[in-house]
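Undergrad: The structure's right below; bear with me while I get my questions together.
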Amino acid sequence: MIIQATDFDLRSRNTFGLPCIAAQWVEYSSRDDIPAVAAMLDGDMPRLLLGGGSNILFTTPVFPGTVVHSNILTIDAEVLDGGRVRVTAGSGITMDRLVERTCTAGLWGMENLSLIPGEVGASAVQNVGAYGCEAADLIETVEAFDTVAHRFVTFSAEECCFAYRHSFFKTPEARGRYIIAAVSFILSSKPAPRLDYGNLSAAFAAGRDITPMAVREVVTETRNSKLPDPSVAGSAGSYFTNPQVQPAVFEAVKAKAVAMFGPDVKVPHFIQPDGRVKIPAAWLIDRSGLKGATEGGAGLWPTQPLVIANLSGDCTAADVIALENRVVATVESTFGVHLVPEVEKAPLLS
Ligand SMILES: Cc1cc2nc3c(=O)[nH]c(=O)nc-3n(C[C@H](O)[C@H](O)[C@H](O)COP(=O)(O)OP(=O)(O)OC[C@H]3O[C@@H](n4cnc5c(N)ncnc54)[C@H](O)[C@@H]3O)c2cc1C
656 MIIQATDFDL RSRNTFGLPC IAAQWVEYSS RDDIPAVAAM LDGDMPRLLL GGGSNILFTT
716 PVFPGTVVHS NILTIDAEVL DGGRVRVTAG SGITMDRLVE RTCTAGLWGM ENLSLIPGEV
776 GASAVQNVGA YGCEAADLIE TVEAFDTVAH RFVTFSAEEC CFAYRHSFFK TPEARGRYII
836 AAVSFILSSK PAPRLDYGNL SAAFAAGRDI TPMAVREVVT ETRNSKLPDP SVAGSAGSYF
896 TNPQVQPAVF EAVKAKAVAM FGPDVKVPHF IQPDGRVKIP AAWLIDRSGL KGATEGGAGL
956 WPTQPLVIAN LSGDCTAADV IALENRVVAT VESTFGVHLV PEVEKAPLLS
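So the sequence shown is numbered by this note's numbering: it starts at 656 and just counts up by one.
Printed below as a string of structure tokens:
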């Protein structure tokens, strides 16, 4: 079934809670609907393939084009050899619902991704990740409709070109072109916990039974204690990606940190397989003196400075962008590192 509407209110469809009206709204609820949806998209009109709106900042009061949303809510499971299970989920089901279902079924793989907002389609676009696990570790294929060639295409994980919070679907040539119908994940019925991140190993040190559901509970508890509850303050989670810099840049950051905070300061970092060094953006923001920074109704979340939140409940996109610009400029002048937003602006600003 396809649902169409004009002047559709998107306020409850973005987790920042910003007001925005979509000139056109189209929602599909099965794979077979997608070719007809694609035929409705005018090549010259702006389009946005929207999931749960948890990584989107609406920059204008009206989205002057068509917003397309998936309501495909199917979940299918197929037992393979060696304890592997292929779980294929429709693009519209919320990721956390899928994680809950797989954990309840005793399947390993998704538990560390508990409570990440958004839908399954976007989990592949964004390559969502948390607690040392990424969607890319689990995705086997992504099925999407190519709105240029007018046919379904199945992308292997390799063809998705996953990287940190990135995939082929975010590249300029692919953005908005492929409407995702379903994502297949390979999970395991054999125990495969990944507890080497954050407080997970400590939580299970005292002999507590390690099950997918138990890991999910710890992850959920920890996330709830750090991130804003969407019913209290709107946000899009981490506003910036963690920068990955060349070793020489990291040495310069360390030298600046020592000059500012003394010889005992430790700059948290993770060496990447390609030799670059990932530095937590939250640390850079905090140590640049931005704790508690606000612009209008937008502010950095007190327990997680990587999050820009709608503190007043009625902040504007301009407030958020002003704070983004201030954070980028301050971190750059303090540490010489350029932060890049993870959040996507719609429509894009020129
Ligand atoms: C409180 C909070 C915490 C968060 N924590 C995390 C975290 O721990 N880790 C993490 O990685 N992210 C996190 N996020 C960010 C966000 O949840 C993810 O980026 C998520 O994948 C976005 O999903 P969505 O369905 O809301 O997509 P949207 O924000 O609606 O869209 C994101 C992108 O996906 C595309 N897209 C969506 N659906 C489709 C489709 N069917 N076909 C083609 N393209 C599509 C959109 O065009 C857009 O480019 C957090 C966000 C919030 C608000």
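The C-beta atom is built at its ideal place from N, Cα and C for all residues, glycine as well.
Could you check the C-alpha separation between T743 and T989 for me, to the nearest Å?
TA: 46 Å
Undergrad: Less than 7 Å separating the Cβ of F824 from some heavy atom of ligand 1?
TA: F824: yes, Cβ under 7 Å from ligand 1.
Undergrad: At a cut-off of 7 Å, would you count I711 as near ligand 1, judging by its Cβ distance to the nearest heavy atom?
TA: yes
Undergrad: Roughly how many angstroms lie between the CA atoms of A861 and G787, to the nearest whole one?
TA: In a straight line, the C-alpha of A861 is about 21 Å away from that of G787.
Undergrad: Would you report the Cα separation of I658 and Y683, rounded to the nearest angstrom?
TA: 7 Å
Undergrad: Per the DSSP calculation, V722 is bridged to which residue(s)?
TA: W680 and L703
Undergrad: So for E798, helix, strand or coil by DSSP?
TA: strand
Undergrad: According to the Cβ coordinates, are V904 and G991 closer than 8 Å?
TA: yes
Undergrad: Count the C-beta pairs between the region 715 to 729 and the region 893 to 912 that are closer than 8 Å, then say yes if the count reaches three, no if not.
TA: no
Undergrad: At a threshold of 7 Å, does V681 count as lining ligand 1 (C-beta to nearest heavy atom)?
TA: Incorrect: V681 has no Cβ contact closer than 7 Å to ligand 1.
Undergrad: Examine ligand 1 and report whether any of its heavy atoms sits within less than 7 Å of the Cβ of E798.
TA: no
Undergrad: What does a CB cutoff of less than 6 Å around F925 pick up in its chain, not counting 5 residues either side in sequence?
TA: K933
Undergrad: Please go through the same chain and pick out, in chain order, the residues whose beta-carbon is closer than 7 Å to the beta-carbon of V913, but skip the five residues on each side of it.
TA: V920
Undergrad: Could you give the distance in angstroms between the alpha-carbon of F823 and the alpha-carbon of F817?
TA: 7 Å
Undergrad: Is Q899 a contact residue of ligand 1, with contact defined as CB to any heavy atom under 7 Å?
TA: False, no ligand heavy atom lies under 7 Å from that Cβ.
Undergrad: Does any C-beta atom of chain B lie closer than 8 Å to the C-beta of T802?
TA: In the structure shown, chain B cannot be found, because there is only a single protein chain.
Undergrad: Closer than 7 Å by C-beta to D974: which residues in its own chain qualify, once you throw out the five before and the five after it? Chain order, please.
TA: For D974, same chain residues with a beta-carbon under 7 Å away, outside a window of 5 residues either side, are E950, G951, G952 and A953 in chain order.
Undergrad: Hey, would you say the C-beta of Y894 is under 7 Å away from at least one heavy atom of ligand 1?
TA: no
Undergrad: If you draw a straight line from the alpha carbon of T875 to that of A869, how long is it in whole angstroms?
TA: 10 Å
Undergrad: Check the DSSP bridge columns for T661 and list the partner residues they point to.
TA: In DSSP, T661 forms a bridge with Q679.
Undergrad: In this structure, does DSSP put V904 in helix, strand or coil?
TA: helix
Undergrad: Taking just the CA atoms, how far does F718 sit from D699?
TA: 14 Å
Undergrad: Taking just the CA atoms, how far does L665 sit from S769?
TA: 25 Å
Undergrad: Ignoring anything shorter than 3 residues, give me the beta strand (DSSP E) runs that lie fully in the region 781 to 847, in order along the chain.
TA: Uninterrupted beta strand (DSSP E) stretches at least 3 residues long and entirely within the region 781 to 847 occur at 794 to 801, 806 to 811 and 833 to 843, given in chain order.
Undergrad: Can we say the region 703 to 712 touches the region 776 to 783, given the rule of at least three CB pairs closer than 8 Å?
TA: yes
Undergrad: Checking 8 Å against the spacing of the C-beta atoms, do T877 and N854 come in under that value?
TA: A contact, by the Cβ cut-off of 8 Å.
Undergrad: Between the region 883 to 902 and the region 957 to 969, are three or more C-beta pairs nearer than 8 Å?
TA: yes
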